[in-house]
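Sequence positions in the sequence shown follow this note's numbering and run 112 to 428.
C-beta: ideal position from N, C-alpha, C; glycine also.
Scroll down for the structure; my scribbles are underneath it.
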Amino acid sequence: MPRAVNPKALSARDVTGEFDVLKQPMPPLPITYTRARIGIHCSTAGGVEKAVERAYRLGCNAMQIFSSSPRMWRASSPAISQCVEFCRLAHQYDVDPVVIHTSYLVNMCSKTPEFLEKSVAAFRGEVQRALALSAKYLVLHPGSFSGGTREEGLQCAVDSIERAVDGIDLAGKNFKILIENTAGAEYSLGGSFEQVAELLRRLRKVVPVAACIDTCHTHVAGYDVVSAAGFEDTMQQIEKTINLENVPVWHCNDAKAARGSKLDRHANIGQGTIGIETFRRLINDPRTKDATFIAETPVDVPGDDRMNVEALKGVVA
Ligand SMILES: [Zn+2]
Ligand SMILES: [Zn+2]
Numbered sequence: 112m113p114r115a116v117n118p119k120a121l122s123a124r125d126v127t128g129e130f131d132v133l134k135q136p137m138p139p140l141p142i143t144y145t146r147a148r149i150g151i152h153c154s155t156a157g158g159v160e161k162a163v164e165r166a167y168r169l170g171c172n173a174m175q176i177f178s179s180s181p182r183m184w185r186a187s188s189p190a191i192s193q194c195v196e197f198c199r200l201a202h203q204y205d206v207d208p209v210v211i212h213t214s215y216l217v218n219m220c221s222k223t224p225e226f227l228e229k230s231v232a233a234f235r236g237e238v239q240r241a242l243a244l245s246a247k248y249l250v251l252h253p254g255s256f257s258g259g260t261r262e263e264g265l266q267c268a269v270d271s272i273e274r275a276v277d278g279i280d281l282a283g284k285n286f287k288i289l290i291e292n293t294a295g296a297e298y299s300l301g302g303s304f305e306q307v308a309e310l311l312r313r314l315r316k317v318v319p320v321a322a323c324i325d326t327c328h329t330h331v332a333g334y335d336v337v338s339a340a341g342f343e344d345t346m347q348q349i350e351k352t353i354n355l356e357n358v359p360v361w362h363c364n365d366a367k368a369a370r371g372s373k374l375d376r377h378a379n380i381g382q383g384t385i386g387i388e389t390f391r392r393l394i395n396d397p398r399t400k401d402a403t404f405i406a407e408t409p410v411d412v413p414g415d416d417r418m419n420v421e422a423l424k425g426v427v428a
């Protein structure tokens, strides 16, 4: 059979046609789950509630979505009936937690005033939609401070997040904003654990906050997650800065690029420069026992999403 390549695979992480699990035969029932919460970024094509059905059919007990198009400023909110159906299905299938990834356009430390204001407004919408969908976590890339200093960027991100949630009552809600570590590109915030920790320290006064650590970003930023000793050293560095208790979600992505390359290209689990052993160590580490593991891997051929979920489930001891 010819292997079709999904043209959208690397851009929007969206699926259509034969790439869509909803168009494929139902998996054999019952679906089995592991002790660990494992999920993948799912498409919301056809309505946000369809994403839960996709997660379920892929064998996930956790999931991540975009709550609006990740490359468009204009976000339309799902109807109340869709939010209700989304929550009903998530409960029925025990897909928990639901994680929402913020739009790629949002830059909370932009030096361009117009862009910054659009980002603040868009992020406010992200928070509101996350609450409407009972998502526990909203993942945010801290932004790019190109044109300013790192310190200005850090403080601008904190101030912008504070402005975005103004008047939204987050106290007592089962909801946190997660700052994701980045691949360490020149002007991006969050390329080191120290920077993520510093952001968390400042943001704690403003919003409920924790971190999301991405294995690919960690590796290409230069940390060793591949050798056994390197993995342990990297975990200890996270413990000393962010604290592993503050990492409820891990993005599990293998990498196409070399360690330290700062090139953020995700590869299938076990097929990149990281390798399967890192994921085995991570998921079975007692320090991550309460964490959720989400793949954000490309769907280059139909079934790649299922293959990556199964690869992660397959290492759970
Ligand atoms: Zn990620
Ligand atoms: Zn990435």
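So is T155 buried or exposed if we call it buried at 16+ other beta carbons inside 10 Å? buried
Rounded separation between V420 and H362 - CA only: 12 Å
Pull the bridge partners of L251 from the DSSP assignment, please. I290
How close, in whole Å, do the beta carbons of P359 and A308 come, if the pair is a contact with beta carbons under 8 Å? Going by Cβ atoms, the distance from P359 to A308 rounds to 15 Å, so no, they are not a contact pair.
Exposure label - A340; buried when at least 16 CB within 10 Å: exposed
Taking only the alpha-carbon atoms, compute the straight-line gap between W184 and A368 and give it to the nearest angstrom. 30 Å
How close, in whole Å, do the beta carbons of V427 and A147 come, if the pair is a contact with beta carbons under 8 Å? 5 Å
G66 vs K373 beta-carbon contact at 7 Å: As shown, the chain starts at 112 and ends at 428. That puts residue 66 outside it, with no answer to give.
Tell me whether D411, by its Cβ, gets closer than 6 Å to a heavy atom of ligand 2. no
List the DSSP bridge partners of I151. M174 and A406
Which residue or residues does DSSP assign as beta-bridge partners of S187? In DSSP, S187 forms no bridge with anything.
Measuring alpha carbon to alpha carbon, tell me which residue in R168, I149 and C198 is nearest K134. R168
Any chance the CB of D335 is under 6 Å from a heavy atom of ligand 2? no
At what residue ranges does the segment 223–289 contain a whole run of the beta strand (DSSP E), taking only runs of 3 or more? 248–251
Just verifying my parser: in three-state terms, what is the DSSP assignment at V331? helix
Cβ neighbours of E129 in the same chain (closer than 6 Å, five flanking residues each side left out): P413
Could you give the first and the last residue of the continuous alpha helix (DSSP H) run that contains V307? F304 to L314
Answer yes or no: do S214 and P181 have a C-beta to C-beta separation smaller than 7 Å? yes
Buried or exposed: R240, going by 16 or more other Cβ atoms within 10 Å of its Cβ? buried
Given a threshold of 16 other Cβ atoms within 10 Å of its Cβ, counted over all protein chains shown, does P208 qualify as buried or as exposed? buried
Separation of L242 from A282, as counted between CA atoms: 12 Å
Bridge partners of S299, per DSSP? S255
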